[in-house]
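Quick note, the sequence shown lines up with residues 23 to 388 if you use the numbering used here. Virtual Cβ for every residue (Gly too), placed ideally from N, Cα, C. Remarks on the structure that follows.
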Amino acid sequence: MIPIAKPIIEEEEKNAVMNVLNSGMLAQGKKVKELEEEFCKISGTKYAIAVNNGTAALHTAIYATGIKEGDEVITTPFTFVASANSIIMQGAKPVFVDIDEKTFNIDPDKIQEKINNKTKAILPVDLFGQVADYDKIKNIADENNLKIIEDACQAHLSEKDGKRAGCFGDIAAFSLYATKNMMTGEGGIITTDNEEYAELCKRFRHHGQSEKTRYEYFDLGYNYRMTDMQAAIGVEQLKKLSDWTETRRKNAKLLTESLKDVKGIIIPYEVEGNKHVYHQYTIKITDECKLTREKIMDKLKENGIGFGIFYPKPLHLHPNFEKLGYKEGDFPISEKIAKQILSLPVHAKVSNDDIEKIIKVFKENC
Ligand SMILES: *Cc1c(COP(=O)(O)O)cnc(C)c1O
């Protein structure tokens, strides 16, 4: 079986966790600090603040930018639910904007029409490992005095014009969940250049206490702290992330070379100047394909090849978002794309033989 995702756990990770266990100091401590310092190097930001998962990272980032009850935050309906849930957690309303068909990311040209006097921020998602169109998004944000909160949960080491994911907005959130490009089991990290935001993040993860003065509560906070066991895994993973990313890109390139000529298959689109890190390698299957998506999935299953549909239904069509007044037809591109997408394995443990096997299924059937 070639799985769609595989956490890589080697001797280094195991030893690092054992060292923390043997030290007896398990909660947030010096390993968390080390992870934060090392992570700054991959995002190119001044500050990184570790928390216990990516959703907490988003919630914390949204808090730090001052979003509160009654505010509106613009985001995409074609994402993992946490992008929108974290807005609701802060009492604000997610306002959806449809995506660009080629990149799967928010369409900047459709943002302006959704801005009103309640709008406080734009929360673009760097979906599948490719950063959003921040040139256009930044112009709109500047003109309308909006913050940008980057959901970089799938985009570790992704680049645009030589700049790294995590630095495109006022603040960004990464996930270190088990299936992400690097992981700590569960985990998350916030990046920013803003010293005030960094301080607010540290408070928010720790019940509203400043790390400078204990037992003084400045605002509502949560227990969003990461443990040193998790951070120890993360420090080791960071050392290998660059190699893993190159393997993902190599695997993606091999798939693309063969799939680009298959009728009815649309390969992932990498915007010029972008470095896509292929958290997911996602193709579209159109009506021109000899087989339906369901038939292709059956063939993959028969051949022991894992796959995924990220995501089967855009967020606005789920009951918890229909409550906000959304309905079918509101975001036609997202609705269409959700029926066409299929993600194939490209992670660092996918071998050249595995890639051959995947290609064979398409060559023989499509
Ligand atoms: C994984 C993910 C999250 C949330 O991360 P968790 O660590 O699972 O809480 C948020 N947004 C996107 C786009 C993600 O892929």
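Problem set entry | Lys335 to Gln112 span [Cα, whole Å] | If you number the sequence shown from 1, residue 335 lands on position 313. If you number the sequence shown from 1, residue 112 lands on position 90. Going from the Cα of Lys335 to the Cα of Gln112 covers about 24 Å.
Exercise. Taking the alpha carbon of Met47 as the point to measure from, which residue in Lys282, Thr249 and Val293 has its own alpha carbon closest?
Worked result: The count along the sequence shown starts at 1 and reaches residue 47 at position 25. Minimum Cα-Cα distance from Met47 among the listed residues Lys282, Thr249 and Val293 corresponds to Thr249.
For this session: Note down, one range per segment and in chain order, each alpha helix (DSSP H) of at least 4 residues found wholly within the stretch 103-161.
Result: Counting only runs of 4 or more, we get 104-111.
Problem set entry | Sequence-distant residues of its chain with Cβ nearer than 6 Å to Thr269 (five each side left out) | Working through the sequence shown from its first residue, we reach residue 269 at position 247. Ala370.
Problem set entry | Burial state of Ala49, where buried means 16 or more other Cβ atoms lie within 10 Å | Start at 1 with the first residue of the sequence shown, and residue 49 comes out as number 27. Exposed, because fewer than 16 other Cβ atoms sit within 10 Å of the Cβ of Ala49.
For this session: To the nearest angstrom, report how far apart Gly209 and Asn203 are at their CA atoms.
Result: As a position in the sequence shown, residue 209 is number 187, starting the count at 1. As a position in the sequence shown, residue 203 is number 181, starting the count at 1. Rounded to whole angstroms, Gly209 to Asn203 spans 12 Å at the Cα level.
Exercise. Helix, strand or coil for Leu366 per DSSP?
Worked result: The residue you call residue 366 lines up with position 344 of the sequence shown. Strand.
Exercise. Less than 8 Å separating the beta-carbons of Ile170 and Lys185?
Worked result: In the sequence shown, the residue the question calls residue 170 occupies position 148. In the sequence shown, the residue the question calls residue 185 occupies position 163. Going by C-beta atoms, Ile170 is not nearer than 8 Å to Lys185.
For this session: Throw me the rounded Cβ distance for the Tyr348 and Phe118 pair, which I believe falls under 8 Å.
Result: Counted from its first residue, the sequence shown places residue 348 at position 326. Counted from its first residue, the sequence shown places residue 118 at position 96. About 7 Å separates the two Cβ atoms, so the contact holds.
For this session: Counting only the same chain and skipping the five closest in sequence on each side, list residues whose C-beta sits under 7 Å from that of Asn273.
Result: Taking the first residue of the sequence shown as 1, we reach residue 273 at position 251. Shown here for Asn273: same chain residues with a beta carbon closer than 7 Å to its own, the five before and five after excluded, namely Val368, Val372 and Ile377 in chain order.
Exercise. Taking the alpha helix (DSSP H) that Gly256 falls in, what are its first and last residues?
Worked result: Residue mapping note: residue 256 aligns to position 234 of the sequence shown, counting from 1. According to the DSSP assignment, Gly256 belongs to the alpha helix (DSSP H) that extends over Asp250 to Leu281.
Exercise. Does the distance from the C-beta atom of Pro130 to that of Glu172 stay below 8 Å?
Worked result: Translated into the one-based positions of the sequence shown, residue 130 becomes position 108. Translated into the one-based positions of the sequence shown, residue 172 becomes position 150. No; because the gap between Cβ atoms is not below 8 Å, this pair is not in contact.
For this session: Put Asn245 into one of helix, strand or coil per three-state DSSP.
Result: The count along the sequence shown starts at 1 and reaches residue 245 at position 223. Three-state DSSP puts Asn245 in a strand.
Exercise. From Ser180 to Thr125, what does the alpha carbon distance come to, in whole angstroms?
Worked result: Walking along the sequence shown from the start, residue 180 turns up at place 158. Walking along the sequence shown from the start, residue 125 turns up at place 103. Roughly 14 Å separates the two Cα atoms.
Exercise. Rounded to a whole number of angstroms, what is the C-alpha to C-alpha distance between Gly51 and Phe353?
Worked result: Here the question's residue 51 lines up with position 29 in the sequence shown. Here the question's residue 353 lines up with position 331 in the sequence shown. Our two residues, Gly51 and Phe353, have alpha carbons roughly 45 Å apart in a direct line.
Exercise. Any Cβ of chain B within less than 8 Å of the Cβ of Gly92?
Worked result: Given the protein chain composition of this structure (a single chain), no chain B is represented.
Exercise. How big is the Cα-Cα spacing for Ile89 and Asn44?
Worked result: Reading the sequence shown from its first residue, position 67 is the one you call residue 89. Reading the sequence shown from its first residue, position 22 is the one you call residue 44. Roughly 41 Å between the two C-alpha positions.
For this session: Apply the 10 Å Cβ neighbour rule to Gln134 and answer buried if 16 or more other Cβ atoms are within range, or exposed otherwise.
Result: The residue you call residue 134 lines up with position 112 of the sequence shown. Within 10 angstroms of the beta-carbon of Gln134 lie fewer than 16 other beta-carbons, which makes it exposed.
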